[in-house]
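In this text, residue positions in the sequence shown follow this note's numbering: the first is -5, and each later residue adds one.
Note sheet for the following structure.
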Amino acid sequence: MNDLAPTAIAELEHLAAGLRNPPDVDTGVHATRKGIKRLRAFLRLARSSIGRDAYRTENRALRDTARLIAPARDALVLIETATAVAAPQAVLEILGAGHREAIAELEGGVRIDAANRLRAAAIRWGHVAWDGPSAGSVRVGLTETYRRGLADLAAVQSDPTDTAFHGWRRRVKYIRYQLETIGAPPGFTKPFTILGDDLGLEHDNTVLIGVCSASATNAEFLRVGEAAARRRAALRTSALVMGNHLFAPDPETYVETVEGAAYPA
-5 MNDLAPTAIA ELEHLAAGLR NPPDVDTGVH ATRKGIKRLR AFLRLARSSI GRDAYRTENR
55 ALRDTARLIA PARDALVLIE TATAVAAPQA VLEILGAGHR EAIAELEGGV RIDAANRLRA
115 AAIRWGHVAW DGPSAGSVRV GLTETYRRGL ADLAAVQSDP TDTAFHGWRR RVKYIRYQLE
175 TIGAPPGFTK PFTILGDDLG LEHDNTVLIG VCSASATNAE FLRVGEAAAR RRAALRTSAL
235 VMGNHLFAPD PETYVETVEG AAYPA
């Protein structure tokens, strides 16, 4: 466990540098947001080691940094999602204008601000008494994240709202990144990667549906929204089937199985 914290700090440094000088802005923003999600998953593993106050402070800092750069990524994802449901060029042009506006705002100082925040976090993390994080802390983090994922699945099954699916998606992605962080075998990580990706597409289509609903007087947007709704329904159905399988074990049994595979005697 002792190599987890230095690796996380190095990742913060890498993200800060990559966002400051990205190969292109969209790629840099995407890599940064994905990296922040991974680091927030790591913090959930370290929470018992570093204490609740330090956890809350650093988790909030990463969340707020991700929110700074989110509009640019979200605008691009709208275009990609609309393209996937065969949106006409007129719709794509309108979405493209929104993306250009978001990039202009990002380049007005937001990107460098976010990079500076990540660099500051790396410095702070270098002074945190990580204590590993300890094996006990990792176990608690894994168990709690899985338990909450199970509860989120139950919420979706009880009342399949957009909000319920959004909450479950976030938890599934945290489980995926935690499994990758501790080096769990692909047989454990890959199913959560697939489920998380499907729930990500579900979320993207939900956002597109909302945008199209706001432009309901435009017949082309209305048709795109209908196509996105059909795609979302299929994604939700397949995600629930897979989720029922992945979340069949109770949390303690699941984590014991993961630990046995990740840390064989």
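We put the CB at the ideal spot given by N, CA and C, even for glycine.
Predicted model, so just to flag it, every value in this text is computed and none were measured.
Contact check for Trp119 against Ala2 passes: the beta carbons are separated by less than 8 angstroms. DSSP places Gly120 outside both helix and strand once states are collapsed to three, so it counts as coil. Here Ile176 carries a coil assignment [DSSP, helix/strand/coil]. Membership of Gly103 in any alpha helix (DSSP H) is not indicated, and neither H nor E is assigned to it by DSSP. In the DSSP annotation of this structure, the continuous segment of the alpha helix (DSSP H) that includes Pro245 starts and ends at 245 to 256. Between the beta-carbon of Leu136 and that of Val166 there is about 14 angstroms, and that puts the pair past the 8 angstroms contact cut. Under the three-state reduction of DSSP, Phe241 is assigned to coil, being neither helix nor strand. Shown here for Val122: same chain residues with a beta carbon closer than 7 angstroms to its own, the five before and five after excluded, namely Ile44, Ala48 in chain order. In this structure, Arg226 is the residue among Glu174, Arg226, Glu246, Ser232 with its C-alpha nearest to the C-alpha of Val79.
The beta carbons of Glu5 and Gly29 sit closer together than 8 angstroms.
In the three-state reduction of the DSSP assignment, Asn110 falls in the helix class.
Taking a 10 Å sphere around the C-beta of His93, we find 16 or more other C-beta atoms and assign the residue as buried. Contact check between the region 188 to 206 and the region 60 to 80: three or more CB pairs, one atom from each, fall below 8 angstroms, which counts as touching.
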